[in-house]
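Enquirer:
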Amino acid sequence: WNEYLEVIELLKADLGGMIDKYETEANEQSANQVDNGVKRRKSLQVQQKEIAATFQHYLILSFFACVPDRQRTFRELQLDKNFMRIDGESNGEDTWVIRHSADDYKTGATYGERPPLPLLPSLTPAIDDFIERWRPCLLRNSDDSPPSSFLFHQPKTGNPLSANSMYQIVSRCCYKYKEKKTNPHLLRDMIVTHVRKNSDASEKELEALALYMGHSVQMQRDSYDRRTLEQKVMPAVSLMQSINSVDKPQ
1 WNEYLEVIEL LKADLGGMID KYETEANEQS ANQVDNGVKR RKSLQVQQKE IAATFQHYLI
61 LSFFACVPDR QRTFRELQLD KNFMRIDGES NGEDTWVIRH SADDYKTGAT YGERPPLPLL
121 PSLTPAIDDF IERWRPCLLR NSDDSPPSSF LFHQPKTGNP LSANSMYQIV SRCCYKYKEK
181 KTNPHLLRDM IVTHVRKNSD ASEKELEALA LYMGHSVQMQ RDSYDRRTLE QKVMPAVSLM
241 QSINSVDKPQ
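Note that the numbering used here gives residue 165 to position 165 of the sequence shown, counting from 1, and the numbers run on in steps of one.
1. Leu229 by DSSP, collapsed to three states: which one?
2. Between Asp189 and Glu28, what straight-line distance do the alpha-carbon atoms span, to the nearest angstrom?
3. Helix, strand or coil for Pro146 per DSSP?
4. Please determine, among Arg85, Arg99, His100, the residue with the shortest C-alpha to C-alpha distance to Glu93.
5. How is the alpha helix (DSSP H) around Thr95 delimited, first residue to last?
6. Out of Thr124, Arg140, Phe55, Ala13, which has the shortest C-alpha to C-alpha gap to Asp324?
7. Where Arg99 and Pro115 are concerned, what is the direct C-alpha to C-alpha distance, given to the nearest angstrom?
8. Would Leu139 count as contacting chain B if we go by Cβ distances under 8 Å?
9. Quick check: Cys137 and Leu11, are their CB atoms within less than 8 Å of each other?
10. Using C-beta distances below 8 Å, list every residue in its chain close to Ile131, excluding the 5 sequence neighbours before and after it, in chain order.
11. Starting from the Cα of Phe55, find the closest Cα among His194, Leu44, Ile127 and give me that residue.
12. Got a sec? Which residues, its chain only, sit under 6 Å from Phe63 by beta carbon, not counting five neighbours each side?
13. So, for Met18: in the same chain, excluding its five sequence neighbours on each side, which residues have a beta-carbon less than 8 Å away from its beta-carbon?
14. How big is the Cα-Cα spacing for Val195 and Asp129?
15. Using CA atoms only, rank isn't needed, just tell me which of Asn2, Ile8, Ser30, Gln45 is closest to Arg133.
16. Using only alpha-carbon positions, find the residue among Leu187, Leu139, Ser101 that is nearest to Ile60.
17. Counting only the same chain and skipping the five closest in sequence on each side, list residues whose C-beta sits under 8 Å from that of Ser148.
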């Protein structure tokens with residue numbers, strides 16, 4: 001899981017470099033006040049679309065880190081429908097929140113409407129920037145159809161992302177930066193295994209994580225926990241050693 005977080009930071013750094021390069025070239029062209037021709041303008045347009053696509057990748061991977069949910073959740077995000085910006089009147093931190101009715105996710109018939117799924121407030125400026133500045137570069141330019149409300153789009157067609165699109169974005173980014181084969185569903189396994197293996201999470205916290213991920217604690221144990229049997233019993237071994245140690249002071 002820590003390597004996955006490193007992938008996000010590396011992707012963010014590359015995105016920052018792309019934006020800096022684009023802004024430098026755009027500012028130079030503006031400062032010269034000279035029309036450098038169609039080729040120059042197209043070069044900047046291509047950069048805009050590449051930045052928008054990379055920005056999308058960064059946000060998608062970041063969203064998975066905040067809310068380890070099924071990939072359907074993120075490819076079906078729609079502005080002002082199930083993806084909303086909440087002003088931080090109480091705590092001073094503006095936050096983007098995912099909202100799901102029972103019809104919006106796989107196990108909705110069992111668990112009903114989900115609690116709000118907030119993203120990290122630190123992501124809010126990036127999400128705002130993407131929506132206002134870069135997302136329009138991915139939309140289809142057509143006067144015949146209303147503008148899309150979906151957050152993410154396929155760069156080549158302007159259509160909403162498909163399940164395969166999400167799979168490819170996650171797997172290619174992880175392989176590019178860490179040469180590890182990963183996919184959206186495996187991320188859910190990874191976070192559960194990481195939490196159970198490397199933290200002192202209480203049963204209440206694990207129950208809350210299961211609810212947050214839209215499944216039961218039993219499913220969390222049976223389907224998403226990839227620890228070995230030896231790793232799973234280690235807390236019990238440590239507990240028994242601590243209460244039965246012959247070296248304990250009297």
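Ideal Cβ positions, reconstructed from N, Cα and C, are used throughout, including at glycine. This one's a predicted model, so the numbers in the text were calculated from it and none came from an experiment.
Expert: Put simply:
1. Since pLDDT at Leu229 reaches only 46, below the 50 mark, its modelled position is unreliable, and the value read off the structure follows with that caveat. Helix, per DSSP.
2. 47 Å
3. coil
4. Arg85
5. Looking at the DSSP string, Thr95 is not in any alpha helix (DSSP H); the run it does join, the beta strand (DSSP E), is 95 to 98.
6. With the chain running from 1 to 250 in the structure shown, residue 324 is simply not present.
7. 7 Å
8. Annotation note: the requested chain B is absent from the structure, which comprises a single protein chain.
9. no
10. Leu79, Leu151
11. Out of His194, Leu44, Ile127, Ile127 has the C-alpha closest to the C-alpha of Phe55.
12. Excluding residues within five positions, the ones whose Cβ falls inside 6 Å are Phe74.
13. Gln47, Glu50, Ile51, Thr54
14. 32 Å
15. Gln45
16. Checked all of Leu187, Leu139, Ser101; the closest Cα to Ile60 is Leu187.
17. Leu139, Arg140, Gly158, Pro160
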